[in-house]
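**Q** Could you have a look at this structure, given as structure tokens, before my questions?
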Ligand code: 2HG
Ligand code: ZN
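In this note's numbering, the protein residues as written are 2 to 463.
This is the structure:
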């Protein structure tokens, strides 16, 4: 970027107002570092637009001036895709917090990119509906960021990923053009489905400013059980049986003895059972009527369950969920983690879980492996602590292991910058060429998230 910092500040201030252009290093530090602390960048400015028109003006000016942008929502991403690692200007969308009224007939709502997932869930609940996507960072993660990364979370097996919820989208493309299609028609086969394309594009094609989202019926009855297994393969077979035999199943989460011990130590919790067990599956069933009996009979028919705890009230259910949801925060207390969110075909998951600690040890002796994830989706979160942030031998070996077993190098966190080097493990040259053609068409000057998804050297600003 050749433009002087003072000119940059003046130009951006002319669009959004001086109070919404942040430049002081201590003020913008939080925008320049990702949640894990592994990706630390630097930026000349954070610009905070308050409308789609302002976003469009920012993108148009950046094109003219040859200035790159990194788009940021709640900065809860885990692949380093929303922080300025190459001195980009940060475009923070947290001011776009408008939520419309819920359309009670269609079960849809329009939300600004900066609305948090928790606020969206609250708005849906106030109208007797629910939002089908949920994850632990719900209080900070935003609608825009979750669409940009096609976030998955805890209830994908029931409601699908974020892409399945997006009915319409408003975005500013890298050309500076605004595309807005928020009418919410359930059936609308009029050409390319831009919401699907922009969802999961990680801010490389357009800046999502608002979305029309599908809601799901609120299910007032909920039962949660924590099942213990001494054998990982048995735990995974059990998840398969629950998926087919328990229609009210809404979550099936997997974690292991070392993760539970860490969570209990860090947060001062009691262990879930008198004895530790190798693997745990947290099962949730929801419905309009009490699913307890259906869950009990489904659990009774499972093999290999060595212990079980059932929550009969909301407080106990939250306690059981905490063993799973607190993993990310607990691991962060041990060290800066490498995070590899892989998916495996169901039949390969147990072998992957068995193999990955030795693969990590081979790549970085002494590093510690933590595994947990969404068993119903074949998605394991491999977290590794005790290795330097720059040491990507771990990433290399774990991603190669997953891809070699027929899996994907990103289940739900996206490629970001963390995995860009390894995109070709999962995508053919023809697919990557198609990606690049789309990128060139919608962001001809490479203004948006230039280091994300593709290896950075191929994304130079012209
Ligand atoms: C989860 O499933 C999130 O809790 C975070 O996707 C995963 O911390 C992680 O690696
Ligand atoms: Zn996850």
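By construction, the Cβ of each residue, glycine as well, lies at the ideal position given by its N, Cα and C atoms.
Heavy atom of the ligand ZN less than 7 Å from the Cβ of residue 40, yes or no?
**A** Numbered from its first residue, the chain shown carries residue 40 at position 39. No, the ligand ZN has no heavy atom inside 7 Å of this Cβ.
**Q** Just checking, does the stretch 86 to 97 make contact with the stretch 63 to 72 on the three C-beta pairs under 8 Å criterion?
**A** yes
**Q** Given 7 Å as the limit, tell me if residue 339 has its C-beta closer than that to any heavy atom belonging to the ligand 2HG.
**A** In the chain shown, residue 339 corresponds to position 338, counting from 1. Incorrect: residue 339 has no Cβ contact closer than 7 Å to the ligand 2HG.
**Q** In this structure, does DSSP put residue 505 in helix, strand or coil?
**A** With the chain represented from 2 up to 463, any question about residue 505 goes unanswered, as that position is not in the structure.
**Q** State yes or no: is the C-beta of residue 257 nearer than 7 Å to some heavy atom of the ligand 2HG?
**A** By one-based count along the chain shown, residue 257 stands at place 256. No - the ligand 2HG has no heavy atom lying nearer than 7 Å to the Cβ of residue 257.
**Q** Could you name the residues of the same chain whose beta carbon sits closer than 8 Å to that of residue 418, not counting the 5 residues immediately before and after it, in chain order?
**A** On the chain shown, position 417 is the one that residue 418 refers to. Taken in chain order, the residues that qualify are 40, 80, 81, 82, 86, 452, 453, 457.
**Q** When you compare the CB positions of residue 186 and residue 171, do they come within less than 8 Å of one another, or not?
**A** Position 185 of the chain shown holds residue 186. Position 170 of the chain shown holds residue 171. No. Outside cutoff.
**Q** So who's on the other strand from residue 182, going by DSSP bridges?
**A** Taking the chain shown and counting its residues from 1, one reaches residue 182 at position 181. For residue 182, which the question treats as bridged, DSSP gives the partners 170.
**Q** Apart from the five residues just before and just after residue 38, which ones in its own chain have a Cβ nearer than 7 Å to its Cβ?
**A** On the chain shown, position 37 is the one that residue 38 refers to. Here the set comprises 337.
**Q** Would the stretch 279 to 287 count as touching the stretch 245 to 265 if we require 3 or more Cβ pairs under 8 Å?
**A** yes
**Q** First and last residue of the beta strand (DSSP E) that includes residue 213?
**A** Your numbering for residue 213 matches position 212 in the chain shown. Its beta strand (DSSP E) spans residues 207 to 215.
**Q** Could you give the distance in angstroms between the alpha-carbon of residue 176 and the alpha-carbon of residue 58?
**A** Residue numbering aside, residue 176 sits at position 175 when the chain shown is read from its first letter. Residue numbering aside, residue 58 sits at position 57 when the chain shown is read from its first letter. Taking the straight line joining both Cα atoms gives about 11 Å.
**Q** Is the closest heavy atom of the ligand 2HG to the C-beta of residue 263 under 7 Å?
**A** Here residue 263 refers to the residue found at position 262 when the chain shown is read from its first residue. False, no ligand heavy atom lies under 7 Å from that Cβ.
**Q** Round the Cβ separation of residue 211 and residue 113 to the nearest angstrom and send it over; I've been treating them as touching at under 8 Å.
**A** Residue numbering aside, residue 211 sits at position 210 when the chain shown is read from its first letter. Residue numbering aside, residue 113 sits at position 112 when the chain shown is read from its first letter. With 8 Å as the limit, residue 211 and residue 113 qualify as a contact, their Cβ atoms being about 5 Å apart.
**Q** For residue 29, I'd like the list of residues in its chain whose CB is within less than 8 Å of its CB, leaving aside the five on either flank, ordered along the chain.
**A** The sequence position of residue 29 within the chain shown is 28, counting from 1. Excluding sequence neighbours, residue 29 sits near 23, 44, 46, 47, 91.
**Q** Contact between the stretch 145 to 165 and the stretch 197 to 213 is defined here as three or more beta-carbon pairs at a separation below 8 Å; is this criterion met?
**A** yes
**Q** Leaving out five residues before and five after residue 398 in sequence, what residues of the same chain have Cβ atoms less than 6 Å from its Cβ?
**A** What you label residue 398 is simply residue 397 of the chain shown in a count that begins at 1. If we look at residue 398 and ignore the five residues flanking it on each side, its Cβ neighbours are 360, 364.
**Q** Are the Cβ atoms of residue 206 and residue 443 separated by less than 8 Å?
**A** As a working note, residue 206 is residue 205 in the chain shown. As a working note, residue 443 is residue 442 in the chain shown. Going by C-beta atoms, residue 206 is nearer than 8 Å to residue 443.
**Q** Compute the Euclidean distance between the alpha carbons of residue 19 and residue 93, then round it to the nearest angstrom.
**A** Counted from its first residue, the chain shown places residue 19 at position 18. Counted from its first residue, the chain shown places residue 93 at position 92. Looking at the two C-alpha atoms, the distance is approximately 15 Å.
**Q** With a 10 Å radius around its C-beta and 16 neighbouring C-beta atoms as the bar for buried, classify residue 461 as buried or exposed.
**A** Within the chain shown, numbered from 1, the residue matching residue 461 stands at position 460. In this prediction, residue 461 scores a pLDDT of 37, lower than 50, which makes its location untrustworthy; the coordinate-derived value is nonetheless stated afterwards. With fewer than 16 other Cβ atoms within 10 Å, it is exposed.
**Q** What residue range does the alpha helix (DSSP H) around residue 7 cover?
**A** Looking up residue 7 in the chain shown gives position 6. Run containing residue 7: 6 to 17, per the alpha helix (DSSP H) assignment.
**Q** Please determine if the stretch 343 to 351 and the stretch 310 to 324 are in contact, where contact requires at least 3 C-beta pairs separated by less than 8 Å.
**A** no
**Q** Apart from the five residues on each side of it in sequence, which residues of its chain come closer than 7 Å, Cβ to Cβ, to residue 99?
**A** Your numbering for residue 99 matches position 98 in the chain shown. Only 113 meet the Cβ criterion.
**Q** Rounded to whole angstroms, what is the Cα-Cα separation between residue 289 and residue 219?
**A** What you label residue 289 is simply residue 288 of the chain shown in a count that begins at 1. What you label residue 219 is simply residue 218 of the chain shown in a count that begins at 1. Straight through space, the alpha carbons of residue 219 and residue 289 are spaced by roughly 8 Å.
**Q** Mapping DSSP to helix, strand and coil, what is residue 456?
**A** Stepping through the chain shown from its first residue, residue 456 is reached at position 455. If DSSP states are grouped into helix, strand and coil, residue 456 belongs with coil.
**Q** Could you pull out every residue in the same chain whose Cβ sits closer than 8 Å to the Cβ of residue 239, ignoring the five residues on either side in sequence?
**A** Here residue 239 is taken as the residue at index 238 of the chain shown, counted from 1. These residues qualify, in order along the chain: 228, 230, 282, 303, 304, 305, 306.
**Q** With DSSP as the reference, label residue 36 as helix, strand or coil.
**A** On the chain shown, residue 36 is found 35 positions in, with the first residue counted as 1. In the structure shown, residue 36 sits in coil (DSSP, three-state: anything other than H, G, I, E or B).
**Q** Compare the Cα-Cα distances from residue 447 to each of 274, 64, 195 and report the closest residue.
**A** Here residue 447 refers to the residue found at position 446 of the chain shown. Looking at the Cα atoms, 64 is the closest of the given residues.
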